[in-house]
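Worksheet: one structure, shown below.
Here is the structure:
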C-alpha cells in the first residue's frame, strides 16, 4: 500500500484533501486570466513587491458557559474573550504593532440580558440568534472579525495587508485573505488537477468567485515544504473583486512572490507550512493577552453571586 503522512498535526485536521471538498455554491468564473482547458502553473514575475506586510489575525476563548434566567426561562450563553492584532514585517524585522482585547457575554435576546461587570473587567453584551452552540460560535467569531478589522493601521500604497482567513467582506486597500485549509471545490476537475502540479512558489491562474454584490479574485499557491501529497502546502488567496484582471494578476504575482518566505517548517509548527511564522508568533502573543481563564471564571462566579 502506497501512502503518505500528513504534515499537519492530527489535532488540526488536514490542510487540504482534494477528494473531500464540498462543491461550491458560489458562481465561479475560471476564464478571467486563462481560458478553460489551457490552465498551467504560473511562476510569479512581479514588477515590484510590498515594502511592509501586515499580518492580521485573531484568537478567541470561551471563559465560561452561563445560564441566564429571564421570566422563568433559562437561556444558554457564553462569556468569551477575543483578541486581535497585527504583525508588521519589513526586511528582516517583525513586530506586533497593534493588539486589542474584548470580553463579551453572548446570549439570545432577553429583557434581563446585559453586560456583566466583574472585578477583572466588564463583559460587554452581544445578543445572538439562539443559544445553540452554532449561534454562540458565530456571535463570538463575528466580534473577533470586527476586532481584527479595527486593528488595521494606516498602510502605504506599496504595503500589503494579509488577513488570516477569508476576507468575509473586509476590503481595505491592498488586502488579501489567506485560507489555510481547503473545504470547497471551486474549480472543475481539469483545472483542479493544475493545483496538484504546482511547484513551490507557483500559483494557478486567477478565478473570480461570486456575482453581483461581494466578489473576489482568487488563486491557489503552493508554499515550500514537504510534498507528501498533491495538495500539501496549498493555500488559497483572495482579494476584493474590484479593478481589472491585469491589476488583480499583478497583485497575485506580488503576493505569491513574497508569501513563501514566511512559510513555517514542520519541526517548528504543527500546521506547517500554511500557518505562516508571523501568524504563529502573533497567535502566541494574543493568547497570552487573553488573560488567566481560571481567574476570569472565578470573577464571573463572584459576579453571579452578587446578582442572584
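In our numbering, the protein residues as written are 721 to 1028. Backbone N, C-alpha and C define an ideal beta-carbon position, used for all residues, glycine too. All figures in this text were calculated on a predicted structure; none of them were measured in a lab.
Here's the rule: buried if 16 or more other CB atoms are within 10 angstroms of the residue's CB, otherwise exposed. What is residue i?
i: residue 773; result: buried
i: residue 938; result: buried
i: residue 787; result: exposed
i: residue 1012; result: exposed
i: residue 832; result: exposed
i: residue 894; result: buried
i: residue 1022; result: exposed
i: residue 949; result: buried
i: residue 783; result: buried
i: residue 822; result: buried
i: residue 884; result: buried
i: residue 755; result: exposed
i: residue 911; result: buried
i: residue 1015; result: exposed
i: residue 908; result: exposed
i: residue 932; result: exposed
i: residue 763; result: exposed
i: residue 768; result: exposed
Is it the case that the Cβ atoms of residue i and residue j are separated by a distance below 7 Å?
i: residue 924; j: residue 961; result: no
i: residue 975; j: residue 872; result: no
i: residue 913; j: residue 860; result: no
i: residue 969; j: residue 753; result: yes
i: residue 929; j: residue 940; result: no
i: residue 1010; j: residue 801; result: yes
i: residue 851; j: residue 795; result: yes
i: residue 761; j: residue 917; result: yes
i: residue 1007; j: residue 728; result: no
i: residue 958; j: residue 879; result: no
i: residue 868; j: residue 778; result: yes
i: residue 1030; j: residue 819; result: Summary: the structure shown does not reach residue 1030, with the chain confined to residues 721 through 1028, and so no result is reported for it.
i: residue 875; j: residue 881; result: yes
i: residue 906; j: residue 807; result: no
i: residue 965; j: residue 744; result: no
i: residue 826; j: residue 858; result: no
i: residue 899; j: residue 956; result: yes
i: residue 1020; j: residue 799; result: yes
If I follow the unbroken alpha helix (DSSP H) through residue i, where does it start and stop?
i: residue 912; result: 909-917
i: residue 1020; result: 1013-1027
i: residue 796; result: No alpha helix (DSSP H) holds residue 796; the beta strand (DSSP E) holding it covers 793-810.
i: residue 1002; result: 997-1009
Do you know whose CA, among the options, lies nearest residue i's CA?
i: residue 1031; options: 994, 969 and 729; result: Nothing in the structure corresponds to residue 1031, since the chain is present only between 721 and 1028.
i: residue 947; options: 915, 956 and 969; result: 915
i: residue 891; options: 1015, 866 and 907; result: 866
i: residue 815; options: 776, 784, 785 and 747; result: 776
i: residue 922; options: 959, 967 and 973; result: 973
i: residue 1025; options: 805, 749, 848 and 839; result: 839
i: residue 854; options: 805, 824 and 797; result: 797
i: residue 1004; options: 911, 803 and 906; result: 803
i: residue 927; options: 989, 759 and 847; result: 759
i: residue 824; options: 793, 830, 956 and 846; result: 846
i: residue 766; options: 982, 978 and 996; result: 978
i: residue 1000; options: 983, 965, 1015 and 966; result: 983
i: residue 1017; options: 744, 901, 785 and 764; result: 785
i: residue 812; options: 1015, 1014, 997 and 1027; result: 997
i: residue 920; options: 899, 951, 898 and 986; result: 951
i: residue 792; options: 836, 799, 830 and 809; result: 830
Name the two residues that bound the continuous beta strand (DSSP E) containing residue i.
i: residue 817; result: 813-827
i: residue 788; result: 773-790
i: residue 976; result: Taken as a continuous stretch (DSSP letters only), residue 976 belongs to no beta strand (DSSP E), being part of the alpha helix (DSSP H) at 965-978.
i: residue 750; result: Careful: residue 750 lies outside any beta strand (DSSP E) and carries neither H nor E.
i: residue 958; result: 954-960
i: residue 838; result: 836-838
i: residue 842; result: 841-847
i: residue 942; result: 936-942
Taking only beta-carbon positions, decide if residue i is within less than 7 Å of chain D.
i: residue 957; result: You won't find chain D in this structure, because it holds only one protein chain.
Compute the minimum distance between the beta carbon of residue i and the heavy atoms of the ligand NAD, and state whether it is under 6 Å.
i: residue 1021; result: Questions concerning the ligand NAD fall outside what the structure shown contains, since it holds no ligand whatsoever.
> At what residue ranges does the region 850-928 contain a whole run of the alpha helix (DSSP H), taking only runs of 4 or more?
Replying inline: 853-870 and 909-917
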